[in-house]
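Peer 1: Per this note's numbering, the very first residue in the sequence shown carries number 2; after that it's consecutive.
Ideal Cβ placement from N, Cα and C applies to all residues, glycine included.
Being a predicted model, the structure only gives us computed values, none of them experimental.
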Amino acid sequence: MAGSSQDSNLESSNASFDEKPIDSVATSEVAQSLLERRGNEIAAARTLIQALKAPAPLRDNLTFFLRLVRKVLAEYNPDLLTSFDTLLVEAIKAGPDDLSTTRAPLLLEAINAVLKVDSEKESLNAFLRFASTIDSLSMEDSVLLMRAFVTFFHLANLCEENYRVTSLRSREASVDSSSAEDPINEITVAYRQLIDECGEEEAKARLNRLEFHPVFTAHPTEARRKNVERRIRIISELLDERQRLGGPARVENERRMLQEIDGLFRTSPIGHKKPTPLEEADTVLNIFDTTLFEMVPSVYRRFDNWALGENAGCVPPVCPPFFRPGSWIGSDRDGNPNVTALVSRQVAEKYRVHVLQALAEATKEVSRGLTLDGISTPASPALANLWAQQVEMSQALTSRAVDKAGSELHRAAMRVISGRLSATIERNADLMYQNAEEFIADLRVIQDSLVQAGARRIAYGPIQRLIWQAQTFGFHLVEMEFRQHSLVHKRALADLEAHPSTAEKPAKLDAMTQEVLDTFRSIGSIQKKNGINAARRYIISFTQSAQDVENVYKLARLAFANEEDVPVLDVIPLFEQIEDLENAVTTLDQVIQIPEVQERLTQTDRKLEVMLGYSDSSKDEGPTTATLVLHKTQAALAEWAEKNSIDLILMHGRGGAVGRGGGPANRAVLSQPKGSVNGRFKLTEQGEVIFARYGDPTLARRHVESVAGATLLQMAPSLEQKNTHADVKFASLASELDKASKQRFLELIHSDGFAEWFSVVTPLTEIGLLPIGSRPAKRGLGAKSLDDLRAIPWIFSWSQARINLAAWYGLGSACEAVGDIERLREAYKEWPLFTTFIDNIEMSISKVDARIARLYLALGDRPELSEMVLSEMSLTRKWVLAITGNKWPLENRRVLGPVIRLRLPFVNILSVTQVHALSELRTRDDMLTPEERANITYLILCTVSGVAAGLQNTG
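#1: Would you identify the three-state DSSP class for Tyr810, choosing helix, strand or coil?
#2: For Asp333, write down the residues that DSSP places opposite it in a beta bridge.
#3: Have a look at Leu940, Glu597 and Lys620 and flag the residue whose alpha-carbon is nearest the alpha-carbon of Asp136.
#4: Give me the Cα-Cα distance between Val118 and Phe907, rounded to the nearest whole angstrom.
#5: Is it buried or exposed for Met612, if we count other Cβ within 10 angstroms and need 16 for buried?
#6: Pick out whichever of Ile459, Leu834, Phe838 and Ser419 has its Cα sitting closest to the Cα of Tyr810.
#7: Do Thr914 and Cys816 have their C-beta atoms within less than 9 angstroms of each other?
#8: Would you call the CB atoms of Trp832 and Asp728 closer than 9 angstroms?
#9: Determine the extent of the alpha helix (DSSP H) in which Pro596 is found, giving its start and end residues.
#10: From this set, Pro382, Leu911, Trp799 and Glu551, which residue's C-alpha is nearest Arg148's C-alpha?
#11: Considering only their Cβ atoms, is the gap separating Ala709 from Phe289 smaller than 9 angstroms?
#12: With distances taken from CA atoms, which of Thr87, Arg267 and Ser171 is nearest Glu76?
#13: Rounded to whole angstroms, what's the CA-CA distance from Asp571 to Val598? Just pull it up for me.
#14: Measure the C-alpha to C-alpha separation of Val115 and Asp86 and round it to an integer number of angstroms.
#15: Taking just the CA atoms, how far does Val945 sit from Asn339?
#16: Pull the bridge partners of Ile376 from the DSSP assignment, please.
#17: Kindly indicate the opening and closing residues of the beta strand (DSSP E) around Ile540.
#18: Which residues does DSSP pair with Gln687 in a beta bridge?
#19: What do you reckon, are the CB atoms on Thr685 and Arg655 nearer than 9 angstroms?
#20: Among residues of its own chain, excluding the 5 on either side of Cys199, which ones have a beta-carbon nearer than 8 angstroms to its beta-carbon?
#21: Got a sec, what are the start and stop residues for the beta strand (DSSP E) His653 sits in?
#22: What separation, rounded to the nearest whole angstrom, lies between the Cα atoms of Tyr192 and Val216?
#23: Leaving out five residues before and five after Thr938 in sequence, what residues of the same chain have Cβ atoms less than 6 angstroms from its Cβ?
#24: What number of angstroms, rounded off, separates the C-alpha of Pro326 from the C-alpha of Val705?
#25: Determine the direct distance from the alpha carbon of Thr134 to that of Leu125, and round the result to whole angstroms.
#26: Can you tell me which of Gln591, Leu765 and Leu749 puts its alpha carbon nearest to the alpha carbon of Ser795?
#27: Extract the residue ranges of the alpha helix (DSSP H) inside the segment 831-869, only unbroken runs of 4 or more that lie entirely within it.
#28: Using beta-carbon positions only, say whether Asp519 and Ala560 come within less than 9 angstroms of one another.
#29: On the DSSP letters alone, give me the boundaries of the alpha helix (DSSP H) that Val392 sits inside.
#30: Buried or exposed for Leu146, please, with buried defined as at least 16 other CB atoms from any protein chain shown within 10 angstroms of its CB.
#31: Out of curiosity, what's the CA-to-CA distance linking Leu169 and Phe576?
#32: Cutting at 8 angstroms between CB atoms, please list the residues of its own chain near Leu602, excluding the five before and the five after it.
#33: Nearest-angstrom Cα distance between Ala949 and Glu161?
#34: Going by the CB atoms, is the gap between Ser523 and Ser328 shorter than 9 angstroms?
#35: Does the segment 373-390 come into contact with the segment 451-469, if we say contact requires no fewer than three beta-carbon pairs (one atom in each stretch) closer than 8 angstroms?
#36: Need the endpoints of the alpha helix (DSSP H) that Val70 sits in, please.
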């Protein structure tokens, strides 16, 4: 998969389960009755589910949801159900494009038993039949059927999520609490290894460096609308509840599921309008409420429970508050005219009010449990002093607190603290906290008083949880990061120079220049209101020189009349294109000479952030070259940082797709070169990745523990040595792969008319019509070529065409040039970077279908370009399978492989529908009425949503 967000998590969450034997046939009553009721047609779908040997609970839930979807369709229109069954059967007969007796005998034999398919020729005939059937459908039936399959994909994804959750719970239940480590909690595993290799003192020092900094972005990669998400969450809760029910309660549970599935089917998968940046901020608020606020302190607590044993919750915590959430939503203005200075202020205020409300309510809730009187738990002198200050500050607040708490001083003081948080929301100058540090200081007073009185469990239980929440989210919820293109800064400075301002005659500046200046003013305003950490980072897209960094500091000074009003800024260069990555060290040598940078290095103990762009580097010279150059750049930057005594923090601009650095984040961390992580891992999280990783509390905790554990383990000397040794050993191989893959990739994208051809053979134009993000598909800086196209639609479009070119193109030719399979297999076994890269590409090509790809490529009438793509696809597939030793992609993944193959027949239906509709637009556009064009476009958008849901591919 080029997207691999949920699939990566599925694989990561169930790695140890892949080795367990799995029942060959499910025997659920639901599946059996389903087979009896619908006969041959639905038996084909059931057979596919059962034959793929996915875990029995997953198979049963998939079969269960297939039954419910069919019931909803039968109630809607029996003829629609007949069409659904017919298409599904033909798609199953057609199978994936690698279905043969030599590649998947068990699957083929199982389908043969029901459908009487006895040759590969029948598979091709079936593919042609269901393609012909789709072509014969009316527009109305096509739309309804696509919505039915989209509905099933959402439910299938829920089944997988549910399986991951129940598997994790089962594994946790089997853990021996007396063991030296918690094998389910990867932070404890990593810490134990650090202790073994470095000793306890050094291990603790490295633990205290730990930071995991996910940055949530509004990049338009989530193809489902919010109303659909809401229904999916309800169904998810019902599915989780179902496992504990029986009798009438189970019947009622199924009735409610049918109700929600019916609503899901009847809800258009396409939203009515693009969200505003202010609405996009709700994504962060939603995951904060759903998971983050309660999940993050539970991660800290789980580590403490292991590290401190029986003393956990009775002594000061060991786990540092390492989770540091950030956000680009409402502050990333690179190519997005909808993000203005005013919008940034509004989003920041939205975050501020929301987190303060959460902290105020949590504080009030803790106060309810502090029913400790002065006899059993006397107040400390410090608490008595705090109470005196509170009385002096507000008689009204303290009187109400005493009315509720009486002589329970800890409780009364905590109620006043909650009241002050509410006053902070209202900006009441007499009562408000100036910052989160003041709030935490008051909590420390109460905590210390409880400890002195012997109430240690309460002090290091609920009070500590509240402190952890305040340390993690502050009064800003997320650290907003501003971003703008370097060219915008150059243009603004040129405009200011051309139009000097005087006291008598203010300059008439370009609107964009004025907006740039207003942006710095908004940063200053946010810092004054929410604290410096709320908005101190400023990222420069397409940084090419130190001058780009200096320009930002210069513009910030010009935005203010008084120098003392200039906000604190950490200006972060973003190196994206290959040439800029290769010159990064030279650029940084000059950056650290800038006076403002030197001042910040002094203030921050020489911390410096640098961002690496995975998307544009991959689009620039291909995925293989980008992967190798990024790795080489990180190693060079780590060496440079050590030489210059810089505490380097690398930010990884990774998306969900393989072509954008996607794949399991924990494995990516472990493959990084020595010194490039150094206890801190920062990356962008976006679109479907946010929903998949943070939508469920159990899975969110697993993700955080997994990435944090990998970040900690990356500091282990043994791992550093392994990565360094492999990088040296396979340096010549990297050079050979780089050269051949780059040549092949550039040959394709530099072909005459490639950009126009790409826009014809993929739904690029139509994807731009999806109302899934406030940001346009192009930066709008004047370029009219492929260079100006954002990486997201580039990758999204190839994945929709079932080609996934952005993830693998050039690798096959590179391996062919090397020509030594044993050498490549050795690298796959010993070189973590290459292992991760090949595994991610194998996941991506498992979604590729050459038959469907040919249909899309035929739209372009450029057979020479089509042949280049198809031949490289075949070559890449051949070498990846040879390297991994698999007969078909993901054959050795006992969970992930079957799950992906299960989706393919369903996805193929939507893909063929999409390419037929695109063909109508491409060949008959001049003859279509506006209504016909609108209907075809809507159908395409429905299939785009469905393919994204089915493949988990969006970018």
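Peer 2: Straight from the coordinates:
#1: Reduced to three states, the DSSP call for Tyr810 is coil.
#2: Arg484
#3: Scanning Leu940, Glu597 and Lys620 for the CA closest to the CA of Asp136 turns up Leu940.
#4: Its pLDDT being 41, under 50, Val118 is placed unreliably in this model, and the coordinates cannot settle the point.
#5: buried
#6: Answer by Cα proximity: Phe838.
#7: no
#8: Less than 9 angstroms separates the beta-carbon of Trp832 from that of Asp728.
#9: Pro596 to Gln604
#10: Leu911
#11: no
#12: Arg267
#13: A direct Cα-to-Cα measurement between Asp571 and Val598 gives close to 8 angstroms.
#14: Here the model assigns Val115 a pLDDT of 38, short of 50, so the residue's position is not dependable and the matter cannot be decided.
#15: 25 angstroms
#16: Under DSSP, Ile376 shares a beta bridge with no residue.
#17: Segment Arg538 to Ser542, the beta strand (DSSP E) holding Ile540.
#18: Answer is Thr218.
#19: yes
#20: Excluding residues within five positions, the ones whose Cβ falls inside 8 angstroms are Arg207, Ala717 and Pro718.
#21: Unbroken beta strand (DSSP E) run through His653: Asp648 to Gly654.
#22: Using only the alpha carbons, I get a separation of about 25 angstroms.
#23: none
#24: 11 angstroms
#25: Rounded to whole angstroms, Leu125 to Thr134 spans 14 angstroms at the Cα level.
#26: Residue identity differs from the one stated: residue 795 is Trp in this sequence, not Ser. Among Gln591, Leu765 and Leu749, the Cα nearest to that of Trp795 is on Leu765.
#27: 833-846 and 851-858
#28: Going by C-beta atoms, Asp519 is nearer than 9 angstroms to Ala560.
#29: Pro382 to Met394
#30: buried
#31: 38 angstroms
#32: Taken in chain order, the residues that qualify are Ile593, Lys608, Leu609 and Ile647.
#33: 16 angstroms
#34: no
#35: yes
#36: Ala57 to Tyr77
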